[in-house]
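Working notes, beginning with the structure itself.
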Amino acid sequence: MAASEPTPSDKVVVLEVFRYRPEEDEEPFYQTYEVPYFEDWVVLDALNHIKNEIDGTLTFRWSCRMGVCGSCGMMVNGDPMLTCAAFIRDYYPATIRVEPLNYFPVIRDLVINMDDFLDKLTDVQTWLVPKEEKPVSEGEYLQTPVELAKYKQFSMCINCMLCYSACPVYGQHPEFIGPAALALAQRYNLDSRDGGADERAEVMFSHEGIWECTFVGDCSRVCPKNVDPAGAIQQAKVTATKDWYRSVLLPLGKKKGKDA
Amino acid sequence: MTDGVTKTKEYIRPMPTNWWLKRKSYFMFMVRELTCLFVCGYAIFLLMLASRLGDLDAFTALLKDPIVIALQVIALPMVVYHTVTWLNLTPKVLVIWRGENRVNPLLIAAAHYLAWFAVSAVILWIVSMYR
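Top to bottom, those sequences are chains A and B.
If you're matching positions, the first sequence starts at 9 in my numbering and goes up one per residue.
If you're matching positions, the second sequence starts at -6 in my numbering and goes up one per residue.
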């Protein structure tokens, strides 16, 4: 689409927005707003229009408005979406219902508390644990393109938490480590420079870790970066199973080998 | 989070018991999971057949029982659906690298289908021999 010549604003789109104001409300409610329709507007544009022109009290998170920062995730007509990627024209003329991400506690309006997710990222150590520490003077930890290819897909995560809002397991068992954190843990386990698999194993391979996953697969369907967390978790299950058999059958052999 | 910040009360949205009816992918997941009951039922049927191996009349009587036939007709599409949904997921689970390239996911699913058809053909062949 070419940059929009603002279309005549006789066309309007109706947004039904989840409101929760902790000081005043016991229960949340839905507030209806009428917003002008533009061909190239996304739901985030409509929310910003509401905030700037109609109702300054509406609260929501956003930053880059181009699908990179992962902060504008919300439920749009029941689907976890980046609102900066949810075009109004795909819903028009129907009413668009905007709600905060499912399964997270709501702080205010469309803003959820993400502490639980951040804690889980730490629990499974989603960072590089160098196989061998070496001083900066020895240079970089080199990696071949093939070694990169093995984990690259899982490294594309932008921590937008759409996958958690798609996961009914997380909805019912909030202790579940969840799709993004497990996919990132798997990403580092698959990294040739990483030696942290054993440290991650206790949480990652626990019941609250990969084994809680029942492979609904919706996390992968909603992921805006095609990370495929469901695949990552099932592949981790295979690795964990192999490790278990190895430890039983070869008690004197090597402990937890990494899957090549 | 940060000390000194007054924490307001957060709203926790309850998860409805009919959550699996709220979303097509959730519903299809439940269908996939529930069809495993028919896999289990068929396994029980096979055990019942096996226990009658010494008595040919009882064996054929069970096979000819109209209720058992009706149950098999219901079980067949369920078991096929269960099998197909899981075989379709195999490429997500099984990642094989050949040198510098990842083996095509379609090939992995295809291999599973081939194995399934091969085993089915062998069983059909054995059954046809003893008719």
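The C-beta atom is built at its ideal place from N, Cα and C for all residues, glycine as well.
Residues of chain A with CB closer than 9 Å to the CB of M8 (chain B), please, in chain order. Start at 1 with the first residue of the second sequence, and residue 8 (chain B) comes out as number 15. Neighbours of M8 (chain B) across chain A, judged by C-beta separation under 9 Å: N110, Y111, P176, G179 and Q180.
Paired residues, beta bridge with I104 (chain A) - DSSP: As a first step, residue 104 (chain A) is located in the first sequence; it is residue number 96 there, counting from the start. Paired residue(s): A:L23.
Would you say the beta carbon of L126 (chain A) is closer than 7 Å to some non-hydrogen atom of the ligand GTP? The ligand GTP is not part of this structure, which contains no ligands at all.
With 16 as the cutoff for other CB atoms within 10 Å, does R195 (chain A) come out buried or exposed? Here residue 195 (chain A) is taken as the residue at index 187 of the first sequence, counted from 1. By the neighbour-count rule (16 or more Cβ atoms within 10 Å), R195 (chain A) is buried.
DSSP state of Y106 (chain B) mapped onto helix, strand, coil: Mapped onto the second sequence, residue 106 (chain B) falls at position 113. Correct three-state label for Y106 (chain B): helix.
Please name the residue in A:Y99, A:P88, A:I62 and A:T40 whose C-alpha comes closest to that of D48 (chain A). Sequence index remark: in the first sequence, residue 48 (chain A) carries index 40 (1-based). Of the candidates A:Y99, A:P88, A:I62 and A:T40, the one whose C-alpha sits nearest the C-alpha of D48 (chain A) is A:Y99.
L23 (chain A) to T91 (chain A) span [Cα, whole Å]: Start at 1 with the first residue of the first sequence, and residue 23 (chain A) comes out as number 15. Start at 1 with the first residue of the first sequence, and residue 91 (chain A) comes out as number 83. Whole-angstrom Cα-Cα distance: 13 Å.
Expected contact under 8 Å - CB spacing of C231 (chain A) and L170 (chain A) to nearest Å: Within the first sequence, numbered from 1, the residue matching residue 231 (chain A) stands at position 223. Within the first sequence, numbered from 1, the residue matching residue 170 (chain A) stands at position 162. Yes, C231 (chain A) and L170 (chain A) are in contact; Cβ-Cβ is about 7 Å, under 8 Å.
Consult DSSP for R97 (chain A) and reduce its assignment to one of helix, strand or coil. Stepping through the first sequence from its first residue, residue 97 (chain A) is reached at position 89. Three-state result, R97 (chain A): helix.
Whose Cβ in chain B lies nearer than 8 Å to the Cβ of D236 (chain A)? If you number the first sequence from 1, residue 236 (chain A) lands on position 228. Here the neighbours are K85.
Reduced DSSP secondary structure (H/G/I, E/B, other) of M122 (chain B): Taking the first residue of the second sequence as 1, we reach residue 122 (chain B) at position 129. Residue state, collapsed to three classes: helix.
Close-in-space but distant-in-sequence residues of the same chain around L118 (chain A) (CB under 8 Å, 5 per side omitted): Locating residue 118 (chain A) in the first sequence gives position 110, where the first residue counts as 1. Take L118 (chain A), set aside five residues on each side of it, and the residues of its chain with a beta-carbon closer than 8 Å to its own are V25, F26, L55, L66, T67, F68, R69, M82, V106, E107 and P108, in chain order.
Indicate whether at least one CB of chain B lies closer than 8 Å to the CB of Q242 (chain A). Mapped onto the first sequence, residue 242 (chain A) falls at position 234. For Q242 (chain A), the answer is yes, since a Cβ of chain B falls inside 8 Å of its Cβ.
Proximity below 8 Å, CB of S228 (chain A) to CB of A238 (chain A): Counted from its first residue, the first sequence places residue 228 (chain A) at position 220. Counted from its first residue, the first sequence places residue 238 (chain A) at position 230. The answer is yes: Cβ separation under 8 Å.
Going by other Cβ atoms of all chains shown within 10 Å of its Cβ, with 16 needed for buried, is D202 (chain A) buried or exposed? The count along the first sequence starts at 1 and reaches residue 202 (chain A) at position 194. Label assigned to D202 (chain A): buried.
Hey, is L82 (chain B)'s beta-carbon within less than 8 Å of any beta-carbon in chain A? Here the question's residue 82 (chain B) lines up with position 89 in the second sequence. At least one chain A Cβ lies under 8 Å of L82 (chain B).
Residue of A:H57, A:Y28 and A:G78 minimising C-alpha distance to V21 (chain A): As a first step, residue 21 (chain A) must be located in the first sequence, where it is residue number 13. Answer by Cα proximity: A:H57.
Can you pull out the residues from the segment 190 to 219 of chain A whose beta carbon lies closer than 8 Å to at least one beta carbon of chain B? none
In chain order, what are the residue ranges of uninterrupted beta strand (DSSP E) at least 3 long that sit wholly in the segment 109 to 139 of chain A? 114 to 116
For a test of the three-state rule: what should DSSP assign to E146 (chain A), helix, strand or coil? If you number the first sequence from 1, residue 146 (chain A) lands on position 138. Looking at E146 (chain A) - three-state DSSP - the assignment turns out to be helix.
Return the residues of the segment 18 to 30 of chain A that lie within a Cβ-Cβ distance of less than 7 Å from chain B, sorted by chain order. Y28 and P30
Starting from R78 (chain B), find everything on chain A with Cβ-Cβ shorter than 7 Å and list it in chain order. Numbered from 1 along the second sequence, position 85 holds the residue referred to as residue 78 (chain B). For the sequence presented, residue 78 (chain B) should be read as Thr rather than Arg. Here the premise fails: no neighbours, minimum Cβ distance about 10 Å.
Pull out every residue of the segment 0 to 33 of chain B whose Cβ sits closer than 8 Å to any Cβ of chain A, in chain order. T1, K2, E3, Y4, I5, R6, M8, W12, W13, K15, R16, S18, Y19, F22 and E26
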